[in-house]
Structures are given as C-alpha cells and as structure tokens.
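Line by line, the protein sequences give chains A and B. Under our numbering, the first residue of the first sequence carries the number 442, and numbering increases by one thereafter. Under our numbering, the first residue of the second sequence carries the number 442, and numbering increases by one thereafter. Think of the CB as a built atom: it goes at the ideal place given N, C-alpha and C, for glycine as much as any other residue. This structure is a prediction, so every number in the text was calculated from the model and none was measured. These notes are about the structure you will find just below.
There are 2 protein chains.
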Amino acid sequence: MRHIDEQDLDDLAVGAAILGTGGGGDPYIGKLLAQQAIREYGPVTIVDVDEVDDDALAIPVAMMGAPTVMVEKLVSGDEILSAVDAVAAHLGRPMTHTIPAEVGGVNSVFPFVVAARRGLPVIDADLMGRAFPELQMVIPTMYGISATPMAMADEKGNAVLMTTIDNHWTERFARSVVIDMGASAMITLFAMTGRQVKEATVVGTLGLSQELGRIVRETRAAHGDPVDAVRERLGGFRLFTGKIVDVERRTEGGFAKLEARMEGLGPDVGRTFTVRSQNEHLVAEGDGVAASTPDLIMVFDTDSGEPITTESLRYGFRVTVVGAPCDPRWRSAAGLELAGPRYFGYDIDYVPVEER
Amino acid sequence: MRHIDEQDLDDLAVGAAILGTGGGGDPYIGKLLAQQAIREYGPVTIVDVDEVDDDALAIPVAMMGAPTVMVEKLVSGDEILSAVDAVAAHLGRPMTHTIPAEVGGVNSVFPFVVAARRGLPVIDADLMGRAFPELQMVIPTMYGISATPMAMADEKGNAVLMTTIDNHWTERFARSVVIDMGASAMITLFAMTGRQVKEATVVGTLGLSQELGRIVRETRAAHGDPVDAVRERLGGFRLFTGKIVDVERRTEGGFAKLEARMEGLGPDVGRTFTVRSQNEHLVAEGDGVAASTPDLIMVFDTDSGEPITTESLRYGFRVTVVGAPCDPRWRSAAGLELAGPRYFGYDIDYVPVEER
Numbered sequence: 442m443r444h445i446d447e448q449d450l451d452d453l454a455v456g457a458a459i460l461g462t463g464g465g466g467d468p469y470i471g472k473l474l475a476q477q478a479i480r481e482y483g484p485v486t487i488v489d490v491d492e493v494d495d496d497a498l499a500i501p502v503a504m505m506g507a508p509t510v511m512v513e514k515l516v517s518g519d520e521i522l523s524a525v526d527a528v529a530a531h532l533g534r535p536m537t538h539t540i541p542a543e544v545g546g547v548n549s550v551f552p553f554v555v556a557a558r559r560g561l562p563v564i565d566a567d568l569m570g571r572a573f574p575e576l577q578m579v580i581p582t583m584y585g586i587s588a589t590p591m592a593m594a595d596e597k598g599n600a601v602l603m604t605t606i607d608n609h610w611t612e613r614f615a616r617s618v619v620i621d622m623g624a625s626a627m628i629t630l631f632a633m634t635g636r637q638v639k640e641a642t643v644v645g646t647l648g649l650s651q652e653l654g655r656i657v658r659e660t661r662a663a664h665g666d667p668v669d670a671v672r673e674r675l676g677g678f679r680l681f682t683g684k685i686v687d688v689e690r691r692t693e694g695g696f697a698k699l700e701a702r703m704e705g706l707g708p709d710v711g712r713t714f715t716v717r718s719q720n721e722h723l724v725a726e727g728d729g730v731a732a733s734t735p736d737l738i739m740v741f742d743t744d745s746g747e748p749i750t751t752e753s754l755r756y757g758f759r760v761t762v763v764g765a766p767c768d769p770r771w772r773s774a775a776g777l778e779l780a781g782p783r784y785f786g787y788d789i790d791y792v793p794v795e796e797r
Numbered sequence: 442m443r444h445i446d447e448q449d450l451d452d453l454a455v456g457a458a459i460l461g462t463g464g465g466g467d468p469y470i471g472k473l474l475a476q477q478a479i480r481e482y483g484p485v486t487i488v489d490v491d492e493v494d495d496d497a498l499a500i501p502v503a504m505m506g507a508p509t510v511m512v513e514k515l516v517s518g519d520e521i522l523s524a525v526d527a528v529a530a531h532l533g534r535p536m537t538h539t540i541p542a543e544v545g546g547v548n549s550v551f552p553f554v555v556a557a558r559r560g561l562p563v564i565d566a567d568l569m570g571r572a573f574p575e576l577q578m579v580i581p582t583m584y585g586i587s588a589t590p591m592a593m594a595d596e597k598g599n600a601v602l603m604t605t606i607d608n609h610w611t612e613r614f615a616r617s618v619v620i621d622m623g624a625s626a627m628i629t630l631f632a633m634t635g636r637q638v639k640e641a642t643v644v645g646t647l648g649l650s651q652e653l654g655r656i657v658r659e660t661r662a663a664h665g666d667p668v669d670a671v672r673e674r675l676g677g678f679r680l681f682t683g684k685i686v687d688v689e690r691r692t693e694g695g696f697a698k699l700e701a702r703m704e705g706l707g708p709d710v711g712r713t714f715t716v717r718s719q720n721e722h723l724v725a726e727g728d729g730v731a732a733s734t735p736d737l738i739m740v741f742d743t744d745s746g747e748p749i750t751t752e753s754l755r756y757g758f759r760v761t762v763v764g765a766p767c768d769p770r771w772r773s774a775a776g777l778e779l780a781g782p783r784y785f786g787y788d789i790d791y792v793p794v795e796e797r
C-alpha cells in the first residue's frame with residue numbers, strides 16, 4: 442500500500458502509454474485528469490493484489506472509443522461516478538476498490554479520478570497487461586467472468602446500463618452506443634470480487650508502468666538510450682529504427698485504424714517497415730512479420746524514448762519499434778481466439794516475438 | 442372497466458392494425474400472443490383513463506424494430522417482464538397499470554401479455570393515436586415527459602436500461618441497440634403517472650380499435666363495404682382504389698422502408714398512385730400529394746376490408762387507400778416538428794387531409 446504523488450503520476454502515465462502499445466489515450470491527458478482529481482479530493486492509495494480481501498468489490502473504469510476523439514472530450518468525472526453507482530446498485534453491494542481495465546495513457550490513470558473522489562484505493566493490476574481495442578479482450582473473459590452489469594456514460598448526461606448473455610454481446614451493444622455518444626464514453630464493467638481479481642488480472646502493472654516511466658526519465662537525464670533501457674526491462678526486441686514516411690488513418694466503427702509506413706535509418710538503412718493498428722498496434726512487418734498481437738508492439742520517439750500513441754503518429758517522426766512478450770495467458774488457445782491476429786482479420790499464425 | 446375475451450381480441454387486433462397505418466406489426470401475431478397469455482395467466486381488464494388514480498404508475502410496453510423481423514421472433518414474455526421490473530426499480534415504485542405505446546397490430550395487444558402475467562389492468566389509451574416509426578414521436582414528448590428510464594430486452598436474454606437527456610437521444614441509442622439485437626426488441630419507456638396519462642395520451646384508442654374491428658367483421662357479414670364503413674367512422678376520405686403493380690422494399694437502419702405503386706380500378710381507372718412508408722405509411726401521392734404524415738394513411742384489402750401492414754403489401758393486391766385526420770396535437774408546430782413530412786425528408790408542407 443502506497444500513496445501516489447505528482448512525479449509518480451508523470452512516470453505512471455508515460456509507462457502506461459508504453460505498455461498501452463499505441464492505445465489507451467494520450468498520457469498527458471490522463472495525467473492531467475488524475476492530478477486534478479487528487480488536488481481537489483485528496484491523495485490516492487495503491488494497494489497490491491494480496492492486500493485485497495477475497496470478498497472485496499473491485500469495479501474497473503475506463504474510457505472507451507477512438508482515442509482521437511477521447512482527447513477532445515474531457516470530463517468532470519460526475520458521469521463516471523453515476524456509472525459506478527449504477528453497477529454497484531445492480532449488484533446490491535458497495536464498491537470497495539477500483540482497478541484499471543487496461544494499461545494505457547488515459548486508462549491506467551482514469552481510475553485515480555474515481556478513487557480520489559470516493560476515497561477508495563486503486564488495485565495495482567489490470568485486466569490485460571496491455572491495451573486492446575474490444576471490451577471482451579481481457580483475461581477475465583478467459584475465466585468466464587461477465588463484463589456486465591456494464592454502465593456507460595457520456596459527457597452530456599446520457600447513461601446506459603446493460604446485462605448481456607456473453608462478453609461479445611457487451612462489446613457489440615457498447616460499440617454501437619459509444620459511436621452514438623460521439624465515439625467516446627466513460628465505461629465501467631467487469632466488476633469482480635477480490636478473489637477474482639487475484640486470479641484473473643495481470644498483477645503489478647501500475648508499478649511496472651511507474652518503473653518504465655522512471656527508466657525513460659532517468660536514462661534520458663543520464664544521456665543514455667531510453668528505448669533500449671525499456672526494451673531490456675521488458676525482455677523485448679528492437680524490431681526497427683527509422684522515419685515515418687506515410688500514415689494512413691481513418692476512424693471506423695468507433696475505432697481509430699491506422700497504417701504507418703517507415704523507412705530505415707542507422708542499422709536499418711535501406712529497409713522498410715509497416716505498423717498496422719486498431720487503437721493499438723497489432724502487426725509489425727518488415728521482411729515478413731516481425732511481431733503480432735497479442736505480443737506488445739511499441740513505437741517510441743527514438744531520441745526522447747517517449748511512447749507515441751496511435752493518434753499522435755505523424756509523417757517525419759523518427760521512431761524505434763520494439764516488440765515484447767505478452768502475458769502468457771494471451772498465448773493460450775483461448776487467448777489467441779480472443780485477440781490473436783486472425784481475430785483482427787490478419788491471415789497469419791501467431792508466433793511468439795522471441796521466436797521470430 | 443371491462444374484461445376482454447377472445448372475440449374482443451380479434452376485433453381489437455384488426456382495428457389496431459387499421460389505426461396502425463401499416464406499422465405496429467401483424468394483427469394475427471399480436472392476437473396469438475395475447476390469447477396465449479390470457480389462457481395461461483387469466484383474463485385482462487381494460488380501464489378507462491378516468492378510472493386511473495393520479496399517482497398510478499403506468500408503464501407502456503411495445504415491440505420495437507422492423508415489423509418484417511418482429512413476426513419471426515416470437516417471445517415468451519419473460520424478457521419484457523424483466524424490462525418492466527428494471528424500469529419500476531429505477532423509479533423506486535411498483536407498476537400499477539400498463540398501456541399501449543402506440544396503436545398497431547402487435548403493439549396494441551402486446552401490453553395484454555404483461556397485464557395477464559402480472560394481473561394488472563391495461564389503460565384504454567395510447568401515446569400516439571396511431572403508430573409512428575421513432576420512439577420520440579409520441580404526444581408525451583410534446584408535454585416534456587421523458588422516454589427514460591427505458592429498458593430493452595431481446596429474446597436471447599440481453600437487457601439494456603438507459604436514461605437520456607432527451608427523447609431524441611433515447612431513439613438514437615435504442616435504434617442502434619435494436620439493430621444489434623437483430624432488428625427487433627421488446628421495450629418499455631415513457632413510464633407515466635396517472636395524472637400524466639390523462640393529459641398526454643390519446644384516450645379511448647383500445648375501445649376505438651375494438652369498434653373498428655367489429656365494424657369490419659359485421660359489415661363483411663352483411664355483405665356491405667367494410668372499408669367505407671371504417672372510413673365513415675373515422676371521418677376519413679377514400680384516396681384511391683386500385684391494384685398494386687410494384688413494391689420496392691428494404692430494411693434500412695432498423696426500419697422497413699417501402700414504396701408501393703398502384704394502378705387505378707373502378708372509379709380510379711387510368712390513374713396511378715404511390716404510398717411511401719417507413720414502418721408506417723407516411724405519404725400518399727396521386728396527382729399531387731393526397732395525404733401525408735401525421736394524418737393517418739390506411740391501406741385496406743378492398744374486398745375483405747382487412748388492413749394491410751407494410752410487411753404484407755404485395756404485387757397484385759387490390760387495395761383501397763383511405764386518409765383520416767390525426768389527433769389534433771399532431772397538427773401543432775411541436776407535433777409537425779416531431780412527425781411532419783419534413784422530419785422524414787419529404788419536401789412538402791403539411792396540409793390536413795380534409796383540406797386536400
């Protein structure tokens with residue numbers, strides 16, 4: 442159990458944007474949201490999974506939609522509190538903790554808004570160990586945990602509560618509503634007992650995010666190579682270093698879809714490389730596939746080591762692409778069915794990044 | 442206050458399909474649903490609006506979606522009871538009555554399923570005095586009454602509860618979800634106090650439907666002209682008599698859209714006529730516009746006097762088209778903004794059918 446201060450939040454937001462593999466929103470926005478809540482409502486405590494009682498009620502909160510839109514629709518937080526209350530009322534039990542639904546610039550930090558305003562702790566874990574674009578793509582789905590009761594709220598005051606027969610239906614309804622809400626909404630789903638949290642989450646990802654953010658900051662201050670320091674900490678692989686020469690993007694079906702083409706620099710001069718994304722980076726290809734979902738594909742500003750989110754990728758950026766292993770449960774048959782390359786329409790077999 | 446028997450239900454379903462102006466579903470399906478519920482759970486009582494206490498809680502129920510799909514997805518009724526319970530729980534008060542949301546073959550009779558199963562009376566009124574394709578198109582909207590809390594349920598067991606800032610948002614979210622649910626869903630919305638029911642509904646439309654059904658049945662038995670008898674009772678106008686020569690239909694955005702072209706017979710030989718519909722018949726055109734929404738445009742089988750719903754219109758049918766005045770509140774500025782011809786994209790001014 443520990444408090445989180447402003448420096449921690451800075452580090453956390455940067456590290457979460459790294460693990461968010463392009464999705465989960467802009468770390469700067471996420472940080473502002475959380476800082477404002479903590480200033481107004483008091484400090485937030487992070488607890489480890491083993492400090493959570495088995496019969497606790499942890500309610501994850503997140504922003505859903507296209508990150509391109511998310512950053513334009515900052516919110517007061519009142520709506521997400523109503524959404525949390527609707528879920529707790531439906532379950533007939535009070536919320537005891539909140540927890541990030543995914544790792545990502547906004548979505549790792551957004552729970553701190555709820556935690557600050559309610560005086561409740563945030564659990565150091567998340568449901569993916571990265572970010573993914575669809576709601577059912579979480580480890581709790583593999584454990585048969587229901588996404589519903591799920592509540593959604595927009596910044597205008599509209600609210601939706603749903604119970605569905607499986608988590609794919611949750612995604613389907615929520616995706617339609619989020620498009621109607623203007624391609625971005627606050628959501629709360631996958632309410633879990635403490636016992637379920639211990640079994641069905643990726644443990645320690647807030648702490649890991651903070652550590653990665655600190656590594657970037659300190660390595661940069663020491664004039665080292667921050668990207669390589671992060672790569673090493675994650676047991677990852679440098680896939681490509683180059684310059685972005687073309688970015689094709691569209692917001693489609695509530696998602697930010699993108700294809701970024703790069704030309705090599707330094708050790709990669711003469712090579713080309715492509716990263717394909719749907720909110721998150723899903724496939725990285727040079728001479729053949731270099732890495733694919735569910736492994737982590739991360740795009741960094743080569744010099745600063747700052748992660749670049751999908752919505753910020755631009756022509757001319759000098760970038761380094763790193764691949765790193767995902768949580769091993771994503772590599773199971775059930776995990777690949779949920780979030781393997783074929784689910785996203787790529788006709789390629791998943792091969793762990795360390796074997797490519 | 443009166444009980445309703447099988448003959449009453451037959452008449453009611455036919456008369457409601459007449460007032461439903463092509464929408465609201467097949468009267469045969471509606472009748473079967475209600476008869477089955479009454480056989481299983483006991484008789485249903487209809488009460489007049491002035492028998493309802495001011496602080497009663499009336500919860501309308503309906504089927505939403507494309508009637509072409511509705512008839513294929515018959516339901517047990519369990520889901521609509523859960524939806525009603527979700528709305529009552531949200532309001533913190535028990536339901537005392539149900540009431541049809543609109544007049545229509547299925548939607549006038551569907552409330553009897555809920556009434557039979559809960560042992561509660563049905564109020565002799567509805568929210569439109571006809572049927573309309575979008576949720577906000579009801580007289581309560583003109584009185585500032587909220588459509589929400591609104592609950593939706595499908596036959597698979599999925600359920601959605603929403604609260605929105607206005608009734609156009611309710612339509613927007615519900616339309617998306619109903620498409621996801623397979624273009625048809627059970628809904629409950631516009632919960633009202635008895636006081637609101639007295640002010641903001643069209644009174645007596647169940648009784649009127651029953652009377653119209655009886656007129657068709659008895660006139661036919663007496664070898665009279667049932668269409669003309671109905672026209673007279675409604676103070677309406679015969680617009681065209683002919684044969685359907687072309688029907689163009691598509692299910693689009695959760696609606697059944699249709700254009701039926703006719704060639705004249707009898708007094709209309711040599712003339713052509715077109716009826717355009719979106720679930721309901723919206724515009725009737727011969728030599729210029731003959732009638733338009735919000736007035737009632739009804740298409741009858743010329744010989745039997747049976748109303749023909751949008752989904753049943755076919756090449757070769759011999760039909761008579763009748764126009765009749767709508768509830769006067771639909772002719773107000775607010776009413777025309779909600780459901781006048783321009784709302785549906787027709788560039789014509791509304792002129793009351795009796796002045797055309």
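With 8 Å as the threshold, decide whether the Cβ of residue i is near any Cβ in chain B.
i       : result
N608(A) : no
M603(A) : yes
Quick one: does residue i have its CB under 8 Å from some CB of chain A?
i       : result
G598(B) : yes
In whole angstroms, give me the CA-to-CA distance for residue i and residue j.
i       : j       : result
R658(A) : M591(B) : 50 Å
L474(B) : E481(B) : 11 Å
G696(A) : G727(A) : As written in the sequence, residue 696(A) is Phe, which differs from the Gly given in the question. Using only the alpha carbons, I get a separation of about 25 Å.
S523(B) : M627(B) : 10 Å
A781(A) : Q719(A) : Residue 781(A) is actually Gly in this sequence, not Ala. Looking at the two C-alpha atoms, the distance is approximately 13 Å.
R772(B) : T462(B) : 17 Å
G483(A) : Y469(A) : 20 Å
V643(A) : A557(B) : 50 Å
I500(A) : P562(A) : 11 Å
E673(A) : C767(A) : 15 Å
E652(A) : L453(A) : 8 Å
G730(A) : M739(A) : The amino acid occupying residue 730(A) in the given sequence is Val; Gly does not appear at that position. Rounded to whole angstroms, V730(A) to M739(A) spans 15 Å at the Cα level.
K472(A) : E747(A) : 15 Å
E612(B) : D494(B) : 29 Å
L779(B) : M504(A) : 33 Å
L532(A) : I540(B) : 30 Å
R797(A) : D790(A) : 12 Å
Per DSSP, which residues does residue i bridge with? Please list them.
i       : result
V730(B) : E726(B)
M578(A) : Answer is none; M578(A) lacks a bridge partner.
A697(A) : T692(A)
E795(A) : E795(A) pairs with nothing; no bridge assigned.
D567(B) : V643(B)
T715(A) : R702(A), E726(A)
T396(A) : Residue 396(A) is absent from the structure shown; chain A starts at 442 and stops at 797.
Does the CB of residue i have a neighbour CB from chain E at under 8 Å?
i       : result
L779(A) : The structure shown contains no chain E; its protein chains are A and B.
Inset, instruction - Kindly provide the ranges of any alpha helix (DSSP H) runs that are 4 or more residues long and lie completely inside the segment 480–545 of chain A, ordered along the chain. - result: 508–511, 519–532
Inset, instruction - Note down, one range per segment and in chain order, each alpha helix (DSSP H) of at least 4 residues found wholly within the segment 765–790 of chain A. - result: 774–780
Legend entry - Contacting positions in the segment 614–628 of chain A - beta carbon closer than 9 Å to chain B: F614, R616, S617, V618, I620, D621, M622
Inset, instruction - Mind listing, in chain order, the continuous beta strand (DSSP E) runs of no fewer than 3 residues lying wholly within the segment 662–689 of chain A? - result: none
Legend entry - Inside the segment 581–626 of chain A only - beta strand (DSSP E) runs reaching at least 3 residues: 591–594, 600–604
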